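**Q**
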Amino acid sequence: MQEETARSAIDTFISAFNASDDSYVAALLSRALTSDVVFWGPLGRSEGIAAVERFVLDIRHHPAGPGMMARCSAVDMPDEWARYQWAFTTPDGGPRLAGTDVVHLRRSLIDQVIVFAGEIEPTAS
Numbered sequence: 042m043q044e045e046t047a048r049s050a051i052d053t054f055i056s057a058f059n060a061s062d063d064s065y066v067a068a069l070l071s072r073a074l075t076s077d078v079v080f081w082g083p084l085g086r087s088e089g090i091a092a093v094e095r096f097v098l099d100i101r102h103h104p105a106g107p108g109m110m111a112r113c114s115a116v117d118m119p120d121e122w123a124r125y126q127w128a129f130t131t132p133d134g135g136p137r138l139a140g141t142d143v144v145h146l147r148r149s150l151i152d153q154v155i156v157f158a159g160e161i162e163p164t165a166s
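Taken in order, the sequence shown gives residues 42 to 166; the numbers are from this note's numbering.
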């Protein structure tokens, strides 16, 4: 049951990267994250949904063009922390960013996100 709750929150978080319009990003994030979420990203620590929204919008506006974020592993949740792997790809097979996120849940919402991003690589043809 805990893994299902985590998977739902994580998939809602990921859906913000793939929203049809930037105006939907904040609403999707607010369905997945606590208002006081702590985000540990590639550029350091930040807090709040607005900080995560800026990160998501930066990824959505990738210089190689719009892309898609996808969870590419099961959600592993040994305790209250869950982890999963993800990949961001551009439509033309351009740069690919992959990594692992570790999230902490409180009351069925993510209250901490730790991003471990890998190197950008072209996708294999």
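We treat Cβ as the ideally placed atom computed from N, Cα and C, and that holds for glycine.
These numbers come from a predicted model, not from an experiment.
1) Apply the 10 Å Cβ neighbour rule to Leu84 and answer buried if 16 or more other Cβ atoms are within range, or exposed otherwise.
2) Whole angstroms is fine: what's the gap from Pro132's alpha carbon to Asp63's?
3) How many angstroms separate the CA atom of Ala50 from the CA atom of His102?
4) From what residue to what residue does the beta strand (DSSP E) around Val11 run?
5) Classify Arg148 as helix, strand or coil using the three-state DSSP reduction.
6) Since I believe Ile55 is in contact with Arg112 (beta carbons under 8 Å), could you give me their beta-carbon distance rounded to a whole number of angstroms?
7) How far does the beta strand (DSSP E) with Thr130 in it reach, from first residue to last?
8) Contact between the region 115-128 and the region 88-100: three or more CB pairs below 8 Å?
9) Taking all protein chains shown into account, do 16 or more other C-beta atoms lie within 10 angstroms of the C-beta of Asp142, making it buried, or fewer, making it exposed?
**A** Looking at the coordinates:
1) exposed
2) 18 Å
3) 23 Å
4) Look at the range of the chain in this structure, 42 to 166, and you will see that residue 11 is not part of it.
5) coil
6) 6 Å
7) 122-130
8) no
9) buried
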